[in-house]
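Just below is one structure, and these are the notes that go with it.
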Amino acid sequence: MSDETIALGYDKDPMTRDRSDDNVTDQWLRPLVGLVVVSGLCTTAGFAVYAALLPGPPPHPLALAVLCGSLVVANRVRVYVRVLSSGDSTTWGEIPVLIGLVLFPAPWVILCAVAAMALIRILDWRGLQKSTFAVAKEALTSGSAAAVFLACGVQPDLTRPDLPALPIVLALVTFVVVDHVIFAPVLSLATGTSVWKVAFHHWTSKVICYLGELAAALLVVGVLATGASAWILLVVPLVVLCMHLWQSRSVRTREERESWQRLAKATDELNAVDLTQVLHSATTRAAQIFSAAESAIDLAGRTVRATASQVLADGPRPPGGVTPPDETSVDLVAHDGSVRVGVLRLRFGGTVRLTEVEQYKLRTFASAVCTAIRNAQAYAELARIAAENAHAATHDPLTGLANRRRLYEQAEQVFRSTGQGLFALLLIDLNHFKEVNDTLGHAAGDQVLREVAARLRDSADPGDLVARLGGDEFAVLLTGLPTPALAGHRATGMLATLDATIEVEGMRLTVEAAGGIALAAGTGSVEELMRRADIAMYQAKRAGEPIVVYAHARDTADLERLMLTGELRRAVAEHEFTVDFQPIVDLGTGEVLAAEALARWHHPDQGSLSPVRFLETVERSGQLPAFADAVLEQSLIARQTWRDAGFDLPIAVNVSPRSLLDPTFPGAVLARLARHDTPADRLVLELTETLTVSQLDVVERTLAELRNAGVRLAIDDFGTGVSSLSVLSRIPVHQLKIDREFVAAVETSAEAAAVVRTTVDLARNLHLTVVAEGVESEPQRRALWALGCIAGQGHLFARPYSAARFAGMLQRGSGGRPGMLAAALHDEGSVVRLSARRLPNLPA
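What follows is the structure, given as structure tokens:
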């Protein structure tokens, strides 16, 4: 019932096939086809000899002609469906063979079947190999059925035939089994499909058709055997026609459903962001969906070719040639036809005409592929821009060296790592560099800086990081030091490379520099290391020495901290710590959204001290819990006062990482909130990014407990820390606060603007809000608003005030508007203010 119209591995153009696959396929396919052909020839020859030895005259030529004609008609009526990346068809040739074996001697039936198939192949010529294979297969299948009749002793009789029902059943089963035994391995090798999948493809429809053939054969033989009216035989063509139409519709319906399912699955697979993955998936799926021998996608300068099972080639597009006759192509265009990205080509290994439904399906698939390609290209462009922005955010645009942020990140990684020995930080400042700019101009100064950067980079050891901090100040992170003394030796060698003169605009300049070294082991603080190196560098400048190593005994700042440590207990007991408040303002409207609490120490001798002066001392002492509790208490009291005045503002309080290490901290915070009847979501705890990274594993549980209770979390000074994404991935925060360093330069520095833009985009994607710190001028406010930042704080709006002055400021407002500290950037009457524009974690 299966015809041989499959490709047999030879329908594809040799120029389009993968030669390694051809070698493997031919190694097994050619011998198998040859075996079938030889067996068929032997079978035909054997039955020809048998026919010559039969006693009596041969059947009447007219009867044999009728039998041959029936075989031709039955084999030409096919149900053709493209499957398994080639073609498969079903015929009704078994019926005349079975009836003929009842009426004529078996050898003549076989010879008629072979002659009929030969005639069909001549009329529908597809090459010698395929035609020979078809004739040989027909000889083997018909011969097997004839062998069953001969084995059962059936005596054919054209005038008074019997009804050998059992031999007919056995002959049909044998015919089908031999057909599949011959056909399935050949198709499996030709298409790369498993033998079982080929043999049982559409098996339910085939079984029903086999039963219909059996019924038709039995009906015809029964009518002839019983001598019933010959008019009954007219029913047989009608039955066969009905079954033919049913099978055609059933198979095509099933194939159509499976094809649409494959199309839907292929469309899902195209939802990828990698262009290569999209192209490979699209080409292989196209070959599967449309049963093509090969598919290809041509883009600008690139071509991808594939079969249903594998990608054949992916590379530059070959020179144009003649389009093969078996190729169908469609443009890859968007739904509206506005954009064309390439061409999808299908090769079928033979002339194929697509139906209207298939053409619609092909256009639908091409549109989906076009969309996927455009999405992948857009994603690649966004990734490129993001990479450029990331590089710009961590590198100095003038010299190409790492910037301060990258230096901090690298130093923090060294602090966290173990087993790398000692490391040190070298700060280098050029002497009298201002004179170069003043005398020769900034262009000459930039040339000097680039040359200094190149020399430092070339003299650095592998693993060291050279950075430009700004102006004429450079830093080198020296890693892998076996001994502390080697830091000075390496620093001296790097500064020595600057002794050679630099030629600028025809003038030879000599660069002098001073360096400070701070040694550190594998643990500590990046900020402290930088502070010590800075102290050592200025000591070198004052002493006129090239290199000075930091010494604790000469650090007056450390001596001051020792003095403050002794006074902390008294300061906490006598309430010398107070809290000022700075408003957080909507940059668009000027409306106050929240307030940040800023601790101050009113020292009796040194006056008001900012947290920079005493916070580290507090953290190192045993007074941190009392200090944190006092700040939170004053903040909640102030908020309650504002609420009573009609301003229900959230309050943001900075929290030390050391407090998060205290298991009693969450309970103390929640108890304070309950005591002041303050909802948990009105408190925002600000975490210093640069201090929490190394302690994430410990503080995660504490932060989760606070967040689950409703307390909001924010990352302070975002962008200056060493592992921003690591913090965001592990700490469930609600808000990011952009460091004032980037806000100050947002108008003049493309790097700073890129950092702000990237931070805003990141926050938007993570459903976080962004607050800009240190907004000092109206141009900065407008620049931040243009970049998508909707909230900020700084001296442009208000300096930190006490709780009472803060309340008065809220009531006075700006321009007689309570709660407003600046004029709106837009006309409120022409702008629809969406709720999403407000800070979700800082409701006004």
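The numbering used here applies: residue 213 is where the sequence shown begins, and numbers increase by one. The C-beta atom is built at its ideal place from N, Cα and C for all residues, glycine as well.
Check, Outcome
"Own chain partners of residue 516 with C-beta closer than 6 Å, once the 5 adjacent residues on each side are dropped", "491, 495, 509 and 526"
"Cβ neighbours of residue 233 in the same chain (closer than 6 Å, five flanking residues each side left out)", "Bear in mind that the predicted position of residue 233 carries a pLDDT of just 46, short of 50, making it too unreliable to give a figure here."
"Beta bridge counterpart(s) of residue 509 as assigned by DSSP", "516 and 556"
"Beta-bridge partners of residue 866, as assigned by DSSP", "898"
"Sub-8 Å separation of residue 382 and residue 360 beta-carbons", "yes"
"Cβ-based burial, residue 325 [other Cβ within 10 Å; buried from 16]", "buried"
"Alpha helix (DSSP H) segments (min. 4 residues) lying fully within the segment 640-664", "645-652"
"Given residue 1094 as reference, the closest of 497, 712 and 970 once Cα atoms are compared", "The question about residue 1094 has no answer here: the residues shown for the chain are numbered 213 through 1056."
"Reference residue 977, options 940, 311, 259 and 430, closest by Cα", "940"
"C-alpha distance - residue 1037 paired with residue 1029, whole-angstrom precision", "15 Å"
"Residue environment, residue 335, which counts as buried when at least 16 other CB atoms sit within 10 Å", "exposed"
"As assigned by DSSP and simplified to three states, the class of residue 924", "strand"
"Burial state of residue 854 (16 or more Cβ within 10 Å)", "buried"
"For residue 422, three-class secondary structure by DSSP", "helix"
"Whole alpha helix (DSSP H) elements within the segment 867-891, 4-residue minimum", "869-872 and 877-887"
"For residue 538, three-class secondary structure by DSSP", "coil"
"Residue 313 beta carbon less than 8 Å from that of residue 321", "yes"
"Residues that residue 1013 bridges to, as DSSP identifies them", "793"
"At least 3 beta-carbon pairs within less than 8 Å: the segment 469-485 vs the segment 577-595", "yes"
"Sequence-distant residues of its chain with Cβ nearer than 8 Å to residue 248 (five each side left out)", "345, 348, 349, 352, 394 and 398"
"Residues that DSSP places opposite residue 686 in a beta bridge", "640 and 680"
"Unbroken beta strand (DSSP E) run spanning residue 981, endpoints", "981-985"
"Residue 867 beta carbon less than 8 Å from that of residue 791", "no"
"Under the three-state DSSP convention, the category residue 1037 falls into", "coil"
"Segment contact flag, the segment 944-952 with the segment 979-997, C-beta cutoff 8 Å, min 3 pairs", "yes"
"C-alpha gap between residue 996 and residue 476, whole angstroms", "44 Å"
"Close beta carbons around residue 595, own chain, < 6 Å, minus the five adjacent residues each side", "none"
"Nonlocal neighbours in the same chain, by C-beta distance under 6 Å from residue 426, ignoring five residues either side", "384"
"Chain-order list of residues whose beta-carbon lies under 7 Å from that of residue 839 (same chain, five-residue window excluded)", "784, 789 and 830"
"Residues bridged to residue 819 [DSSP beta-bridge criterion]", "815"
"C-alpha distance - residue 556 paired with residue 511, whole-angstrom precision", "9 Å"
"Nearest residue (CA-CA) to residue 802, options 851, 1002 and 266", "1002"
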